[in-house]
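**Q** Mind looking over this structure? Questions follow.
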Amino acid sequence: MQYVNRGLKGWKGALGVGVMALAMLASVMVSEPAQADTLAEIEQRGTLRVAVPQDFPPFGSVGTTMQPRGYDIDMAQYLADEMGVELELVTVTSANRIPYLQTRQVDLVISSLGKNPEREAAIDFSDAYAPFFLGVFGTSQDEPLEAAEELDGKTIGVTRGAVEDMELTEIAPQGTRIQRFEDNATTISAFLSGQVNYIATGNLVAAEIAERNSQRAPELIYQLMDSPCHIGMNKGEPALMEKVNELIAQALQDGTLEGMSQEWFHTGLPENFGS
Amino acid sequence: MGISLDFMALSPYLGELLRGLFTTVVLTMVTTLAGLMLAIVVAYLRLNAAAWVGMALGGYVELIRNTPFIVQLFFIFFGLPALGIRIDAITAAFLAMTLNLAAYSAEILRAGIESTARGQLEAARALGMSSLQSYRHVVLIPAFSRIYPALISQCIIVMLGSAVVSQISVYDLTYAANFIQSRNFRSFEAYLLVTLIYLLLAIGMRQTFLLAGRRLFAYRQGEHA
């Protein structure tokens, strides 16, 4: 696994900027083919270049070994392995992940990318490869709920003003006891100490709680909002899109994604995932 | 400066404000009564009971007076469940506030009691008053009258300090303000309004105490206090 840090440092950075400027000039002068075939390029080059996060655990973070690790990195590795090519990781931030793709410095963005209309105008999205949702979580003794009405009478802790607070307040029936806390840490404390039986939060925070306290690992009982992650690629890449979707479907089928979810989120994929 | 104030933005949240105000008022009233009663017991026992009881109560008073209120509150709400004692938010708030007020008031009260000359109590007994009667009329009530202003301030401090209970999700006045500003982002208006409500509560509380004091210490009417 190669690892390239694209930071701008010292004279190398200055040189990098110069080269980039030249490259941009060149790309303006040489008109690109209307439909690039990045898949063929990847196979020819023998490496798959993927933008991954380095500051967003458990999707991607730099561990003690200084190597990026996480769900997104495993996904990138899986794709590279299945394509039979080397993997080159490029760590990005959430602000620059799409520019990296648009300037063709990477082939794919696997960086916990959610779909929205603005992004869909700029790039294409594969099928969902990772779950990302807000929900009400209980413990292993709790049964999943069929409808929001069943939240009635339940005591639910939530961080005040967070998106999940807004969603929960909107849908919860009158008898729901919503207890709002100042920040995520306090909300988690309230859940772990049993002061609230349920917690409304994102699946990432739930994974974090499970990692810290496996005896009270949160289990999803009701989903508030679903916004799964997709792999981003440039527009006009039908061959690459087909290949990536095929591999995602295969990973969903053969349990690869389930295993990754267990490893990084400490819980299985939600039932409706990929449907 | 282009700050535009919009107090009408608060009007949809009148219900939340009233609910918060109600909680703060009830919590303060119950806590003040319970805290002062506990304070009398603690002050009496520290002066009259066996040495080890006095030591234990001294430990309690020092523990409360030398640690932050929010830590005491968090300990009761988040800490005790680890020992298997789970207390809901409003009860935890009541408990923390009562224990806090009692510790401070017991010390204030002890100073008042100690300033009563022993001979007065003996004189009352010699005049045929029962021990309870003489303690009540000769020691406790005069002691209260001497330390009354300090006691009022302490009760008001606890009422204002109750804002902290919003941190453990008690729906008090501060919780209402936090809630409102998380929804309409009108933090200036929300907190200004709540500041005024607290101010009025404090003034109202002081006046009520002074009125009660005039009744309680009626025997001192005309006396140069």
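Note that the protein sequences, when read in sequence, are chains A and B.
Read in the numbering used here, the first sequence has 515 at position 220, and its numbers run on one by one without any break.
Read in the numbering used here, the second sequence has 313 at position 3, and its numbers run on one by one without any break.
C-beta: ideal position from N, C-alpha, C; glycine also.
#1: Ends of the alpha helix (DSSP H) at residue 438 of chain B?
#2: Assign residue 323 of chain B to buried or exposed, taking buried as 16 or more other Cβ atoms, counted over all protein chains shown, within 10 Å of its Cβ.
#3: For residue 336 of chain B, does the count of other Cβ atoms within 10 angstroms reach 16, so buried, or fall short, so exposed?
#4: Who are the Cβ neighbours of residue 377 of chain A in its own chain at under 6 Å, not counting the five residues just before and after it?
#5: Taking residue 386 of chain B and residue 399 of chain B to be in contact with their CB atoms under 8 Å, please state how far apart those CB atoms are, rounded to whole angstroms.
#6: Nearest to residue 564 of chain A by alpha carbon, out of A/502, A/372 and A/526?
#7: Distance, Cα to Cα, residue 445 of chain A vs residue 480 of chain B?
#8: Consider the Cβ of residue 443 of chain B: report whether some Cβ of chain A lies at a distance smaller than 8 Å.
#9: Do the stretch 437-450 of chain B and the stretch 407-418 of chain B meet, that is, are 3 or more Cβ pairs less than 8 Å apart?
#10: What residues of chain B sit near residue 469 of chain A, judged by a beta carbon separation below 8 Å?
#11: Any idea what DSSP makes of residue 476 of chain A, helix, strand or coil?
#12: Mapping DSSP to helix, strand and coil, what is residue 465 of chain A?
#13: For a contact meaning CB atoms closer than 7 Å, what does residue 477 of chain A contact in chain B?
#14: Taking the alpha-carbon of residue 399 of chain A as reference, which of A/549, A/345, A/415 and A/430 has the nearest alpha-carbon?
#15: Comparing C-alpha positions only, which one of B/440, B/457, B/396 and B/439 sits nearest to residue 425 of chain B?
#16: Since residue 467 of chain A contacts residue 473 of chain A with CB under 8 Å, what's their CB separation in whole angstroms?
#17: Out of B/319, B/344 and B/455, state which residue places its alpha-carbon closest to the alpha-carbon of residue 524 of chain B.
#18: Taking DSSP as the reference, what is the three-state secondary structure of residue 376 of chain A?
#19: Going by the beta-carbon positions, is the gap between residue 526 of chain A and residue 382 of chain A smaller than 8 Å?
#20: What are the start and end residues of the alpha helix (DSSP H) that includes residue 456 of chain B?
#21: According to DSSP, what are the bridge partners of residue 336 of chain A?
#22: Sort out for me which residues DSSP pairs residue 520 of chain A with in a bridge.
#23: Below 9 Å between beta carbons is the criterion; list the residues of the stretch 385-410 of chain B that meet it against any residue of chain A, in chain order.
#24: Identify the contact partners of residue 455 of chain A in chain B, using a Cβ-Cβ distance below 8 Å as the criterion.
#25: So that I know if they touch, is there some Cβ in chain B lying closer than 8 Å to that of residue 328 of chain A?
#26: If I measure Cβ to Cβ from residue 394 of chain B and keep anything under 7 Å in the same chain, skipping five residues before and after, which residues do I get?
#27: Three or more C-beta pairs under 8 Å: does that hold for the stretch 473-491 of chain B against the stretch 512-531 of chain B?
#28: Taking C-beta to C-beta, are residue 320 of chain B and residue 490 of chain B nearer than 8 Å?
#29: For the stretch 486-503 of chain A, enumerate the residues whose C-beta is nearer than 9 Å to any C-beta of chain B, in chain order.
#30: In the DSSP output, which residue or residues are listed as bridge partners for residue 347 of chain A?
#31: Of all the CB atoms in chain B, is at least one closer than 8 Å to the CB of residue 509 of chain A?
#32: Considering only DSSP beta bridges, list what residue 420 of chain A is partnered with.
#33: CA-CA distance, residue 364 of chain A and residue 426 of chain A?
#34: Measuring only the C-alpha atoms, how far is residue 553 of chain A from residue 483 of chain A?
#35: Specify the secondary structure class of residue 351 of chain B as computed by DSSP and reduced to three states.
#36: Counting C-beta neighbours from all protein chains within 10 Å, is the total for residue 523 of chain A 16 or more, i.e. buried, or is it exposed?
**A** So, to answer that:
#1: That residue, residue 438 of chain B, is in no alpha helix (DSSP H); it is neither H nor E in DSSP.
#2: buried
#3: exposed
#4: Exclusion of the five residues before and after residue 377 of chain A leaves 542 as the residues of its chain whose Cβ lies within less than 6 Å of its Cβ.
#5: The pair is not a contact, with the Cβ atoms about 10 Å apart (cut-off 8 Å).
#6: A/502
#7: Distance between residue 445 of chain A and residue 480 of chain B, taken at the CA atoms: about 24 Å.
#8: no
#9: By the Cβ criterion, the stretch 437-450 of chain B is not in contact with the stretch 407-418 of chain B, since fewer than three pairs of Cβ atoms, one from each stretch, lie closer than 8 Å.
#10: Within 8 Å Cβ-Cβ: nothing; residue 469 of chain A doesn't reach chain B, min ~13 Å.
#11: strand
#12: helix
#13: 477
#14: A/345
#15: B/457
#16: The C-beta separation of residue 467 of chain A from residue 473 of chain A comes to about 6 Å, placing the pair in contact by the 8 Å criterion.
#17: B/455
#18: Residue 376 of chain A: helix per DSSP, three-state reduction.
#19: Pairing residue 526 of chain A with residue 382 of chain A gives a Cβ-Cβ distance that is not under 8 Å.
#20: 451-471
#21: In the DSSP output, where bridge partners are listed per residue, residue 336 of chain A has none listed.
#22: According to the DSSP secondary-structure assignment, residue 520 of chain A is paired through a beta bridge with A/429.
#23: 387, 388, 389, 390, 391, 392, 396, 397, 398, 399 and 402
#24: 488, 489 and 492
#25: A caution first: residue 328 of chain A carries a pLDDT of 45, below 50, which makes its placement in the model too unreliable to give a value.
#26: none
#27: Taking 8 Å as the limit for Cβ pairs, the verdict is that the stretch 512-531 of chain B does not touch the stretch 473-491 of chain B.
#28: yes
#29: Those would be 487, 488, 489, 490 and 491, in chain order.
#30: A/386
#31: no
#32: A/527
#33: 17 Å
#34: 25 Å
#35: helix
#36: buried
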